[in-house]
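Asker: Heads up: the protein sequence lines correspond to chains A and B, in order. In the numbering used here, each residue carries its 1-based index in the first sequence increased by 265. Quick note on numbering: the numbering used here labels position 308 of the second sequence as 289, and the sequence is numbered without any gaps. In this text, a Cβ means the ideal position worked out from N, Cα and C, and glycines have one as well. Just so it is clear, the structure is predicted and the values come from calculations on it, not from any experiment.
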Amino acid sequence: MTSSENVNFFDQCSSPVGIGSELYNLVLGFYYSEAQLLDNLRFKEWGDTLAEDLKYSVPLRQTRLVKEQESSVIHSMRHMYDDYRSIMGRVMRLSGESAWAEDPASRVRRFVSNVQVYATTKPDELCVVSYLLITRNRFDDDHFDLIPCERRDLLRVSGDSFKLANREVILDQVLLGTPNLAIFL
Amino acid sequence: MKPKSHNLLADGTSISDLIDIEMREVKLRTLSDQQLYDLEQQRIFGKTWLMLGHESEIPNEGDFVQRFMGEDSVIVSRHKGEIYVSLNVCPHRGMKITTHDAGNAKVHKCIYHGWAFRPNGQFLASPVADQCMHGTIRDKEDLGLQQARVTLYGGLIFATWNIDGPSFDEFLGDAKWYYDMLFCRSDKGMEVAGPPQRFIIRANWKAAGEQSAADGFHTLTLHRWLGEVGNYKKGEEEGEGGDLTPEMFGAEVSSPHGHALRCIDLGRKIRRLTGKNPDELSTEEKLKVLPPPGMNPEMVEQLKKNLSPEQLQVMAWMPPQVGGMFPNVLFGFVYIPQADGSVVGSMTLHTYVPKGPDKLEFTNWIFVEKDTPPELREKMVMQTIQLFGTSGMVEQDDSDTWPHMTLTAKGAQGRHSTLKYQAIYETDKPDGWPGPGIVNEGFTKDDTQWHWWLYWYELMTAEQ
């Protein structure tokens, strides 16, 4: 299978885009808007920010020795493995009548930080690394499910904003502490 | 008659009071009770065969993975062609021998005091043996890692602590005839797509376990979206959009050992694909139109080599698609309709590993056949991840349901409420059904799940 895709994400990153520059601020704005749309269940509007050649995946993690660190991210199996069509299928399900895993919806906040933007060899594409901390609360739970992760994205310029063309999410948990990924990361 | 003392819980309730055989009801208390949970660890997870993975996960000498038998961590490793399952507890001072999920080791060396073991669990040496580190009181043969009894079935790795107990074949009984159709149908066998997904659900393992024993009814409501917005949406002449009832017909196999298989009628799918009445097609024609998950029409020849004509007949008619293996395995070998009218299969196995009365680990392996062509393999893996397991659009609804059942089981009133299994078959086998076992035809019922509980009861109250 295409298990090695995105492994060389950092090879695609060329010169960094300066923090606070106009372009950087546009990218940061994109992520803040994305978090706001998802946290407020505006899935169809979020769908409009996705490129139609989108690849979206969440590899497994494993506890391995430091010398085997590459094996700590597993691409042969993943928690999510989607393209544009299947992500829009998920959006359609969530917009339907019987998506019980998220109806009632979790109360979710997406805290985006450590955003680093890089130019690529294509003038209209940027590589972006961001940290994401998700807090998720359901029903009367007196605890929060925490989902800390790193996102490695490919953004494509579209008008005065961007479309998400590729996202790989590196989770920090081997054994996930949340009962499902019925939410988008 | 006075209940036997080993069946009495601290509050004086007998385990036999928790199941009403005549009424086919089970006290909800079973889904949250700490004492029952502790007994289950000995009487169920210490006695039955447990699925730990697949040999394709550890193809080379010294390869190993860490897995769980109940709450006990075990090392599953390959040594000289054989698979060994060793308790992951150092016999010296109780440290875990490995803390890694997987790897390759010719020697497993405990990081605490350095005692070393072969992949088959044999004690090799302590680091300062010349200073009497492992003493002389016990022989070296006596200092190895505790070994479970292991068997391989279709490459799947099963182990048990019940060293002198029933064989794996006895444990499967008549259900083996059907499992063979899933796990032993191809020439080269199955392989895992990769390591399993793992995630925690705050629910008792039996909430998931009893459902895996072929609960058909829950599909109609909990997974209703499949008919509303999913690819199970019907054509105009096939009934209301959200109505999944036509998918619920077939035959269900119950087992006195709690195993369960739902054999779902492929007739409607074959009719859609061919426009013909399935009765007018031969077994081979049907198999080529709709090959089992993981296979293309060319691979159907392999079925003929590996299965009996009777099994082929069932495979083309009502193949086992979902069900379980007692106590905590779910299988889904399903034929999923695609938007373009074609069908792509999924092959998935889960275990629901107990982690306390209120917690289970959902472990999800996705399979393909070793011979599955790359393009089909990729489609299967993507589709299966999208429907089952962590982010699976079907199973995310299950993982949100079981915790509520576990909570309701704690209430002073709720714990006395009962789980009811009163939808009873009165049909027997379909006409011409060639397979063995307890088989009933028609719309899904509760018999398979009731048998699951009967075996739980048998094990929990057996003479110790």
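For the stretch 319 to 331 of chain B and the stretch 307 to 323 of chain A, state whether three or more C-beta atom pairs, one from each stretch, are separated by less than 8 Å.
Answerer: no
Asker: Give the secondary structure of residue 287 (chain A) by DSSP, where H, G and I count as helix, E and B as strand, and everything else as coil.
Answerer: Looking at residue 287 (chain A) - three-state DSSP - the assignment turns out to be helix.
Asker: Counting only beta-carbon atoms, is residue -6 (chain B) nearer than 8 Å to chain A?
Answerer: With 8 Å as the cut-off, residue -6 (chain B) does not count as an interface residue toward chain A.
Asker: Could you spell out the range, first to last residue, of the beta strand (DSSP E) harbouring residue 415 (chain A)?
Answerer: 410 to 423
Asker: For residue 445 (chain B), count the other beta carbons within 10 Å of its own beta carbon; 16 or more makes it buried, fewer makes it exposed. Which is it?
Answerer: exposed
Asker: Within its chain, find whatever has a CB closer than 7 Å to the CB of residue 146 (chain B); leave out the 5 residues flanking it on each side and keep chain order.
Answerer: 28
Asker: Can you list, in chain order, the residues of its chain whose CB lies under 7 Å from that of residue 20 (chain B), leaving out five sequence neighbours each side?
Answerer: 441
Asker: Is there a Cβ of chain B sitting closer than 8 Å to that of residue 361 (chain A), yes or no?
Answerer: yes
Asker: Could you check whether residue 227 (chain B) and residue 345 (chain B) sit closer than 8 Å to each other, using their CB atoms as the reference points?
Answerer: no
Asker: Rounded to whole angstroms, what's the CA-CA distance from residue 438 (chain A) to residue 326 (chain A)? Just pull it up for me.
Answerer: 7 Å
Asker: Considering residue 183 (chain B), what are the terminal residues of the beta strand (DSSP E) in which it resides?
Answerer: No beta strand (DSSP E) holds residue 183 (chain B); DSSP gives it neither H nor E.
Asker: Rounded to a whole number of angstroms, what is the C-alpha to C-alpha distance between residue 26 (chain B) and residue 238 (chain B)?
Answerer: The C-alpha of residue 238 (chain B) is placed about 14 Å away from the C-alpha of residue 26 (chain B).
Asker: Is there a C-beta anywhere in chain B that falls below 8 Å from the one on residue 305 (chain A)?
Answerer: no
Asker: Using a Cβ-Cβ distance under 8 Å, would residue 81 (chain B) count as near chain A?
Answerer: yes
Asker: Going along the stretch 198 to 210 of chain B in order, which residues come within less than 7 Å of chain A, judged by CB to CB distance?
Answerer: For the stretch 198 to 210 of chain B, which is checked against every Cβ of chain A, the residues closer than 7 Å are 203, 205, 206, 209, 210.
Asker: Pick out whichever of B:230, B:257, B:207, B:79 has its Cα sitting closest to the Cα of residue 330 (chain A).
Answerer: B:79
Asker: Using three-state DSSP, classify residue 297 (chain A) as helix, strand or coil.
Answerer: helix
Asker: Would residue 99 (chain B) and residue 431 (chain B) qualify as a contact pair, given that the criterion is a beta-carbon distance under 8 Å?
Answerer: no
Asker: By the 7 Å beta-carbon criterion, what residues does the stretch 126 to 148 of chain B contribute toward chain A?
Answerer: none
Asker: Looking only at C-alpha atoms, which of A:359, A:449, A:441 sits nearest to residue 328 (chain A)?
Answerer: A:441
Asker: With 7 Å as the limit, tell me which residues of the stretch 329 to 358 of chain A have their beta carbon closer than that to any beta carbon of chain C; keep them in chain order.
Answerer: Absent from the structure is chain C; the protein chains it does hold are A and B.
Asker: Residues of chain A with CB closer than 9 Å to the CB of residue 180 (chain B), please, in chain order.
Answerer: Residues of chain A passing the Cβ test: 344, 438, 440, 441, 442, 443, 444, 445, 446.
Asker: Quick check on residue 334 (chain A): buried or exposed, where buried means 16 or more other Cβ atoms within 10 Å of its Cβ?
Answerer: exposed
Asker: Skipping 5 residues on each side, what residues in its chain have a beta carbon closer than 8 Å to that of residue 386 (chain B)?
Answerer: 9, 12, 184, 185, 188
Asker: Could you give the first and the last residue of the continuous alpha helix (DSSP H) run that contains residue 294 (chain B)?
Answerer: 290 to 298
Asker: Determine the DSSP secondary structure at residue 350 (chain B), reduced to helix, strand or coil.
Answerer: strand
Asker: Hey, residue 309 (chain B) and residue 190 (chain B): beta-carbon distance below 8 Å or not?
Answerer: yes
Asker: In three-state terms, what does DSSP make of residue 269 (chain A)?
Answerer: Because residue 269 (chain A) carries a pLDDT of 46, less than 50, the predicted location of this residue cannot be relied on, and no value is offered for it.
Asker: Could you name the residues of the same chain whose beta carbon sits closer than 8 Å to that of residue 172 (chain B), not counting the 5 residues immediately before and after it, in chain order?
Answerer: Excluding five sequence positions before and after residue 172 (chain B), the CB atoms of its chain that fall closer than 8 Å to its own CB belong to 35, 37, 136, 348, 349, 350, 351, given in chain order.
Asker: Give the residues of chain A in contact with residue 176 (chain B), contact being defined as C-beta atoms less than 7 Å apart.
Answerer: 325, 327, 339, 342
Asker: Let me know the secondary structure DSSP gives residue -12 (chain B) once reduced to three states.
Answerer: helix
Asker: With a CB to CB cut of under 8 Å and the five nearest residues on each side skipped, what residues in its chain are close to residue 269 (chain A)?
Answerer: Low local confidence applies: a pLDDT of 46 at residue 269 (chain A) is under 50, so the model's placement there is unreliable, with the coordinate-based value given in what follows. Within the same chain, residue 269 (chain A) has close Cβ partners 340.
Asker: Looking at the C-beta of residue 84 (chain B), does it have a partner C-beta in chain A at a distance below 8 Å?
Answerer: Yes - at least one Cβ of chain A is within 8 Å of the one on residue 84 (chain B).
Asker: Strictly under 8 Å for the Cβ-Cβ distance: is residue 311 (chain A) near chain B by that measure?
Answerer: no
Asker: Along the stretch 332 to 343 of chain B, what residues have a CB closer than 9 Å to any CB found in chain A?
Answerer: 342, 343
Asker: Using the Cα positions of residue 302 (chain B) and residue 407 (chain B), report the straight-line distance between them to the nearest angstrom.
Answerer: Between residue 302 (chain B) and residue 407 (chain B), the C-alpha separation is close to 22 Å.
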